[in-house]
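> Numbering (this note's numbering), first residue to last: 122 to 219. Idealized CB from N, CA, C, for every residue including glycine. Values in this document were obtained by computation on a predicted structure and should not be read as measured data. I'd like to ask you about the structure that follows.
What follows is the structure, given as structure tokens:
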């Protein structure tokens with residue numbers, strides 16, 4: 122019964138998140154209130170995963186029917202950059218301790 126935030130990494134997962142959000146609303150279930158879109162930058166936890174970069178991240182974020190939160194190699198200071206690229210916030214762990 123709690124709202125959901127889902128993780129996405131590409132166009133297909135964003136399309137799936139959009140479909141899930143519509144289905145949950147139609148079924149009167151708790152909504153999908155946002156997505157984490159990752160990785161924006163290189164990360165220590167997924168060193169072999171190529172980062173999206175801000176341009177590709179922005180293009181993918183524009184496909185989402187809900188707010189998008191940047192994740193992956195980001196620091197709290199990057200929230201303005203995320204907002205300039207269509208996001209609403211950034212998330213992370215390691216760089217948030219600095």
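(1) With the cut-off set at 9 angstroms, would you say residue 181 and residue 154 are in Cβ contact?
(2) Could you tell me if residue 164 is buried or exposed, where buried requires 16 or more neighbouring beta carbons within 10 angstroms of its beta carbon?
(3) Taking residue 173 as the reference, give the member of 123, 130, 141 and 217 with the closest Cα.
(4) Roughly how far, in whole angstroms, is the beta-carbon of residue 152 from the beta-carbon of residue 146, given that I think they are within contact range, below 8 angstroms?
(5) Verify whether the separation of the beta carbon atoms of residue 194 and residue 160 is less than 9 angstroms.
(6) Select from 137, 179, 140 and 149 the residue whose C-alpha is nearest the C-alpha of residue 123.
(7) Classify residue 128 as helix, strand or coil using the three-state DSSP reduction.
Reading off the structure:
(1) Sequence index remark: in the chain shown, residue 181 carries index 60 (1-based). Sequence index remark: in the chain shown, residue 154 carries index 33 (1-based). Not a contact, by the Cβ cut-off of 9 angstroms.
(2) Your numbering for residue 164 matches position 43 in the chain shown. Residue 164 should be labelled buried.
(3) Residue mapping note: residue 173 aligns to position 52 of the chain shown, counting from 1. Nearest option by C-alpha distance: 130.
(4) Position 31 of the chain shown holds residue 152. Position 25 of the chain shown holds residue 146. Residue 152 to residue 146, Cβ: 6 angstroms. Contact.
(5) Reading the chain shown from its first residue, position 73 is the one you call residue 194. Reading the chain shown from its first residue, position 39 is the one you call residue 160. Their beta carbons are under 9 angstroms apart, which means residue 194 touches residue 160 by this criterion.
(6) One-based indexing of the chain shown puts residue 123 at position 2. Here the closest residue by C-alpha is 149.
(7) Indexing the chain shown from 1 puts residue 128 at position 7. Three-state DSSP puts residue 128 in a strand.
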